[in-house]
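Contents: one structure, followed by commentary.
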Amino acid sequence: MDTTGCDRWSENFLVGTTSVFENESGSIVTLYPNPTQGQVTIAGAAGAEITITDMLGRVVVRLQNATDLQLVSIDGANGTYAVTLRSGNAVHTVLVTKQ
346 MDTTGCDRWS ENFLVGTTSV FENESGSIVT LYPNPTQGQV TIAGAAGAEI TITDMLGRVV
406 VRLQNATDLQ LVSIDGANGT YAVTLRSGNA VHTVLVTKQ
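In terms of my numbering, the sequence shown opens at residue 346 and continues consecutively.
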């Protein structure tokens with residue numbers, strides 16, 4: 346118990362999420378961290394096209410033929426971005442927050 350009579354304490358900690366989905370071939374694709382400070386890792390997206398757009402629809406990143414473990418930098422202002430992966434006929438979009 347402290348001088349104010351409190352016998353409990355708390356700490357702040359960052360909670361991040363990982364986006365997980367299947368690509369067209371059934372392989373698992375992960376995108377992390379989310380939120381990010383500017384770089385995201387996309388694992389399992391070999392050969393895919395990756396497009397990142399801001400909420401006004403402006404393309405900030407476009408990559409063709411991604412590697413299996415692709416590091417992507419989001420150089421725009423803090424905010425929400427749409428990360429779209431295209432592989433064959435499959436298209437998947439995940440929202441990422443840059444803080």
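The beta-carbon is built from N, C-alpha and C at its ideal position, and this holds for glycine as well.
Small disclaimer: the values here were computed from a predicted structure and weren't measured.
- Distances from the CA of V374 to each of D413, Q384, K443 and N434 were compared; the closest alpha carbon is that of D413.
- Annotation for V385: L376, Y377, P378, N379, L416, V417, I419, V428 and V441 place their beta carbon closer than 8 Å to its own, counting only its chain and skipping 5 residues before and after.
- Close CB contacts of A391 within its chain, under the 8 Å cut and outside five residues either way in sequence, are with A411, T412 and D413 (chain order).
- Per DSSP, D420 has no beta bridge partner at all.
- Here the alpha carbon of T396 sits roughly 14 Å from the alpha carbon of A435.
- In the same chain as V404, and ignoring 5 residues on each side of it, the C-beta atoms closer than 8 Å to its own belong to T396, I397 and T398, in chain order.
- Bounds of the beta strand (DSSP E) holding Q384 are Q384 to A388.
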